[in-house]
Amino acid sequence: MRELRKDLVTGRWVLFNPSRLQEPRPRPGGPARTFEKCPFCPGNESLAGREIYAVRAEGSAPDGPGWSLRVVPNRVPLLGVEGHLERREQGIYDRMNGIGAHEVIIESPQHGPLSAADLARSFRAFRERCLDLRRDQRLRHLVMVRGCAGREAPALEHPYAQVLATPVVPIAARETLFGARRYFDYHERCPWCDILDFELEDRRRLILETDSFAALAPYASRAPFEILLVPREHGHDFGAAPDGVLDDLGAALERVLDLVSRALGGPPCLTFVRTAPLRERCDAEFHWHVEVVPELFADLGVERATGIPVNGTLPEEAAAYLRRLETQKKGPS
Ligand SMILES: [Zn+2]
Ligand SMILES: [Zn+2]
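Written as structure tokens, this is what we have:
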């Protein structure tokens, strides 16, 4: 039984899903879960599941080899697409059943780091899933998460991303939207457009620029070497991003991930694509963006207790270091 329950005080929705019990976090030094054969490699399509979307060679049949990217349902979905969304009260509380979509983007037929073109293909796939899933009126929010190998499923080295579509706007996204609206009401400008203008002028936290993006270390970075990729062109909806912008995003993210890996020795690293919540009017104040968060340290108890992240590295230092690495790569050496 999948169920969403809302915390009465904070408004935070919590997802209850018994399948989480099947995948305990591996303990350090404990036995690693291993796969006999990789479920995401070509030839094993039936293990990964029926494809919802794919990029395939002309004439290749669905659910067989010949693809460069596949989107399949998650084998252990956090939310399911079947059924009616029932939202009801339970005494003083609110609950709803766990309706939504949880999909996997298998980003390449091969293992190993992705090229700019592979990443661009993955972002185009997420755009297609956004356009398809938003037609489902029950859904309110969409996010794409790319995990580096080793983070989500330790034995699964195949590059993949996840798409989670929820019937509620998660509390963090609601806070972001609320903050953006408050900023817009006061300044009559989009906060991300202002960040972009200021950081391109100031340059201390700027890491690199491409035709369509700026990569910067956010002023109040929550984690060391956190990176924000902001499109130069304002737009609230990732689903409306043109091909050229997504190709450029693939190139920008490849450079950023390469820098993070060289700077920090390849830590687990998460990438989030943040697009505007569905069915909210926020075209002026929301600006879609991408966050890259290296996972270097476990949370401190006091961070959990207070909700205040503790970061040992100033973003100016992180950006300066990454800029130096970037020029080393380009230099004659
Ligand atoms: Zn594989
Ligand atoms: Zn903007």
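Quick note, in our numbering, the sequence shown goes up one by one and the last residue is 1246.
Cβ atoms here follow ideal geometry from the backbone N, Cα and C, with glycine treated the same way.
Reduced DSSP category for residue i - H, G, I as helix; E, B as strand; rest coil
i     : result
G993  : strand
D1171 : helix
F1138 : coil
L1113 : helix
T1184 : strand
E1229 : helix
K1242 : helix
V1158 : helix
P1222 : coil
P1104 : helix
R1042 : helix
S959  : helix
F1097 : helix
E964  : coil
V1082 : coil
L1119 : strand
P1207 : strand
S1035 : helix
Y1132 : coil
G1148 : coil
L1213 : coil
Neighbour-count burial assignment, residue i, 16 or more Cβ in a 10 Å radius
i     : result
S932  : exposed
P1228 : buried
A1130 : buried
L1107 : The amino acid at residue 1107 is misidentified as Leu; the sequence shows Asp. Its Cβ having fewer than 16 others within 10 Å, D1107 is exposed.
G1152 : buried
A961  : buried
I1012 : buried
T923  : exposed
L921  : exposed
I1120 : buried
V985  : buried
T1219 : exposed
DSSP beta-bridge partners of residue i
i     : result
R1000 : M1009
Q1075 : V1017, V1058
V1143 : A1127
P986  : E1016
E916  : F929, N1010
R969  : W980
H1202 : R1187
Of the residues the options, the one placed nearest residue i, counting alpha carbons only
i     : options                    : result
Y1096 : E958, C954, H1200          : H1200
R1175 : F1151, H1149, Y1234, P1222 : Y1234
L1077 : G1225, P1190, L960         : P1190
R1237 : E1020, P1080, V1169        : V1169
P1207 : H1149, P1083, P1137        : P1137
G979  : S1028, F953, A1133, K919   : F953
D1196 : G1148, R969, P1181         : G1148
A1085 : W926, P1072, E1114         : W926
A974  : N987, S959, R988           : S959
R1194 : F1091, V1143, L1032        : F1091
Q1075 : C951, R1217, R983          : R983
D1150 : E1112, A1128, V1056, G977  : V1056
P1026 : L1209, R1192, C1182        : C1182
R969  : R1034, P1144, C951, D1171  : R1034
P854  : D976, H1054, N1010         : Because the chain in this structure spans residues 914 to 1246, residue 854 falls outside the shown range and cannot be described.
E1259 : I1140, R1192, R1217        : The shown model of the chain, from 914 to 1246, leaves out residue 1259, and the question about it has no answer.
Q1003 : R918, R1087, A1133, C951   : R918
I1221 : A1133, L1177, D1156        : A1133
E1198 : V1205, E1204, D1098, K1242 : D1098
V1081 : H1054, G1060, T1089        : H1054
Rounded Cβ spacing between residue i and residue j (contact assumed at less than 8 Å)
i     : j     : result
D1161 : D1110 : Between D1110 and D1161 the Cβ distance is about 19 Å, and since that is not below 8 Å, they are no contact.
L1052 : L991  : Rounded, the Cβ-Cβ distance is 14 Å, inconsistent with contact.
R903  : E1016 : A question about residue 903 goes unanswered here, because the residues of the chain that appear run from 914 up to 1246.
P1104 : A1093 : 5 Å
L1159 : R1008 : Contact doesn't hold; Cβ gap of about 37 Å is too wide.
A1014 : L1046 : 6 Å
E1020 : Y1073 : 6 Å
T1184 : L1166 : 7 Å
A1232 : R1118 : 5 Å
G972  : R915  : Contact flag wrong, Cβ pair sits at about 39 Å.
V1223 : L1213 : 6 Å
V1186 : F1039 : 6 Å
Below-7 Å beta-carbon distance, residue i vs any chain D residue
i     : result
L1090 : No chain D is present in this structure, which holds just one protein chain.
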